[in-house]
Every structure is written in C-alpha cells, then in structure tokens.
Amino acid sequence: MSPANAALVRVTQVPGVRGSLLISATDGLVVAERLMDGIDGRAVAALAASLVQRLSRAAIGAGMRIPTFVHLRGNEGSVLAAPGQNDLVLVALTGLDANLGLARLEMLDAVGRLN
Amino acid sequence: MSDDIRGLTARLAEEPSSLAFLELGEALRRRGQLEAAYKVARGGLSRYPDLADAHDLLAHILGDQGDLAGAFDAWVEALRVDPMRTSALKGIGFLYFRAGDVAAAREHLQRAADIDPDDAAITQALARMSEAGRARASASPAGQGIPVVAPQEAAAEASGDNTEHGLLLVDGNGLRLSGHLRSGSLGDVGDRVAAELAGVSKEASRTTRLLGLGTWQTIAVESPEANLFLLAPTPDTVLLTIRETSLPMARLGLIAERAARDARAWLGHQE
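In order, the protein sequences belong to chains A and B. Note that this note's numbering has the first sequence beginning at -7, numbered continuously upward. Note that this note's numbering has the second sequence beginning at 244, numbered continuously upward.
Structure representation (structure tokens):
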C-alpha cells in the first residue's frame, strides 16, 4: 500500500469520518481518495482546495504562515483539511457524530508522514 | 462569622429586597469568602439586574476568583447601565492591560480620568501604564507574530493569560467594521485581512452547501503563530478571533461565540 493510501485508510477508520482525500492545493485535483458512495471526490477536492487557499491568503495577510489545520463546521457535518508540504492537502469529510479530536490527530500524523 | 457580616445577613434575611446585599457581598469578598460573596451578588442581581453597583460587585468577586472573562463581562454590563462608571472603566482597563492591549487599557483609563479627574489612582495607573508600554515596546522584537490586536468597540474577552490576541469584525464586502489587527513586521493588516475574509465566508457557504453539510457555522484555523476562529455573527458579517496557540481551540471557540454575541449587540446599536 502506498503512503498516500495508508494515510487515507487511517483517517477513514476514525468513527464518523465519511471519507478522505489527498488533493493538490494549487489546482484542486484528487491525488488519492477513499470515500463513501455518493460523495463526489472532485467536488470535495476543488472546494477544499479553494477554501484552504483563501484561508492561507488571509493568514499570510495577517503576517502568519500557511495554516497547519483547518476545520470548517457546517450544521450537518464538517470538512477537515491538513495542508502538508509539496502542495498536498489531506482532506476529510465527517458527520456530526465524528470524533473530531481523533480525526485531527490522525490527519496531522498522516500528513507529517507524507512530508 | 464577624459581627458586620452577621448583621448584614440578618438584615438581608429580614428584608430580601434591600440593597444590603451590596455591603454583604463586599464584606464577604474582603474576607476571602468568595463563593458566599458570589451567591449574594448573584441573588442581588436577580432582583436588581439594572443596578450598576451589583454588576460592579460581581465583577470584583469574579476577578478575585480568577474568572477574568466573567469579570470583563460584568463590568461591560455595569457600563451598559451606567456609562460613566469609573470603577468599571478602571476594571476593564486593568484587564486589557493584563491581556497585553495597552492602547485599549489606556483608552478606558483615560475615559475614567475624564469623568473623574480628581481620582489620583487613575492618574497614577495611567502613568504606570505609559512606563510599562514603553518598556514592552522596547523589549518586543519586531516581525514576530501578532503582538497586540484588539477591538475598540466590540467587547473582547479578556482571559488574562494571553498576550497575543485579536478581533476583527468584517462586513460582507470585505470592509472592516470594528477591531484592529497588527503584525509586527507589516503594521496594521486589518483591512488586508478583512478583504480576504469576505471571500472566505462565501467560499465556506459554497463548500458546506455543495457538500451537503448544511450552513457553515465556524471555521477553526491552526497556524504555527496563532489560532484563528471565524464565525458569522449575522448573515452579512464575519468575525475573526485570534489567540496564541497555547489556548485550546475549543476554548477559543467559546471566546469567539461570546465575542459574536457582543458584536450582534453592537451591530444592533448601530442600526
């Protein structure tokens, strides 16, 4: 199993995680994915990449470096994103019942290994 | 139990609606019986929610208990009832100073001095603050993170254990409504960040809607220098709260929620 797929497996094993993807931050393309049926990986990748880019610009505008972790919470679930090196971003989609703390730790650890 | 406390307790028991709770609460506070003082003050406030003295008493008790955010809120309430209340201005000034926002601290103390120019304690505090501000400025290395950021209008939470913090309220067009954001190397970056935040809000709305996650509620962002928390106090505004990374994100979320409530109230007053 490739390091990318191993990272996705670990993240998707967290309770409440509906799927995870490794995407390219600059063009929003899917590098690898592990998603539940019915989730459009290309849409997730494009939207997550765009959001992370926006937030990165805001952070840089405030004199900070790019984010290490992003959590967008909706009233029916969340998008988690962990930007790594080499333009890659590990993204996860979760339901309301997800263990977000564990998902965050797994994602940070996984993206650290990919670096 | 000392005689004065016993007497005041009896007086309050005889006449629960009397203002004796103010003296009793203060007497208990001075004796270090903070839990009892808190209960007395809370009881009094339930009868007199618009009594600035009661909010002031509660603020002092909460401050002694180490709940500086609670003390801040109580003094804000005291000022809402009585905008000329110098003790509340002094208290808030002190909390801002502890939180590292010398400019906001000085502003509140100056307002207190304008109201009561004969209060020597205020004058002395302003002088000490100027000295401390100069010392901080000379000790602070340029170009590192976000040294001091705070709102002037939206009431900020003063947790007391943070020196790096910020609050920025932005409208739907990316224009700053309130707050300041400074970066050591870049100076005031509030307008620049505000411009980006309008896009962030739209992006977040689009993302949650298209991915079936409902309406966006919050965005928590971790960066090496600070943690950021975004939420929308109203459909047309975005509030950014920044704290140092040592503050847990969940707690930052609570602080941001409180700031959003204050922002909503403030926006309501502007209409």
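Using N, Cα and C, we set each Cβ at its ideal position, and we do this for glycine too. Small disclaimer: the values here were computed from a predicted structure and weren't measured.
- Across the set B:Gly496, B:Asp479, B:Leu453, the C-alpha of B:Gly496 shows the shortest separation from the C-alpha of Phe472 (chain B).
- At the C-beta level, Val23 (chain A) and Ala(-4) (chain A) come within 8 Å of one another.
- In the assembly as shown, Leu418 (chain B) is an exposed residue. Its beta-carbon has fewer than 16 other beta-carbons within 10 Å.
- Just so you know, the alpha carbons of Arg507 (chain B) and Thr18 (chain A) end up roughly 36 Å apart.
- In this structure the segment 480 to 496 of chain B does not touch the segment 74 to 86 of chain A; the number of beta carbon pairs closer than 8 Å is below three.
- Not flagged as an interface residue toward chain A: Glu350 (chain B), since no C-beta distance is shorter than 8 Å.
- Selection A:Glu68, A:Ala95, A:Ile58 evaluated against Gln77 (chain A) yields A:Ile58 as nearest (Cα-Cα).
- Ala263 (chain B) and Gly336 (chain B) have their C-alpha atoms roughly 28 Å apart.
- Remark: fewer than three beta-carbon pairs, one from each stretch, lie closer than 8 Å, so the segment 249 to 258 of chain B and the segment 43 to 60 of chain A are not flagged as touching.
- The beta carbon of Ala475 (chain B) sits closer than 6 Å to those of Val481, all from its chain and outside the five residues before and after it, given in chain order.
- Taking C-alpha positions only, Leu420 (chain B) is separated from Ala438 (chain B) by approximately 12 Å.
- Contact with chain B is found for Glu68 (chain A), since one of that chain's Cβ atoms lies less than 8 Å from the residue's Cβ.
- Residues of the same chain with a CB within less than 7 Å of the CB of Glu266 (chain B), apart from the 5 flanking positions on each side, are Leu251 in chain order.
- As the crow flies, the alpha-carbon of Asp310 (chain B) is around 35 Å from that of Gly8 (chain A).
- Shown in chain order are the members of the segment 44 to 63 of chain A whose Cβ falls below 8 Å from a Cβ of chain B: Arg46, Leu47, Arg49, Ala50, Ala51, Gly53, Ala54, Gly55, Met56, Arg57, Ile58, Pro59, Thr60, Phe61, Val62, His63.
- Apart from the 5 residues on each side of it in sequence, Ser(-6) (chain A) sits with its Cβ closer than 8 Å to the Cβ of Ala24 in its chain, given in chain order.
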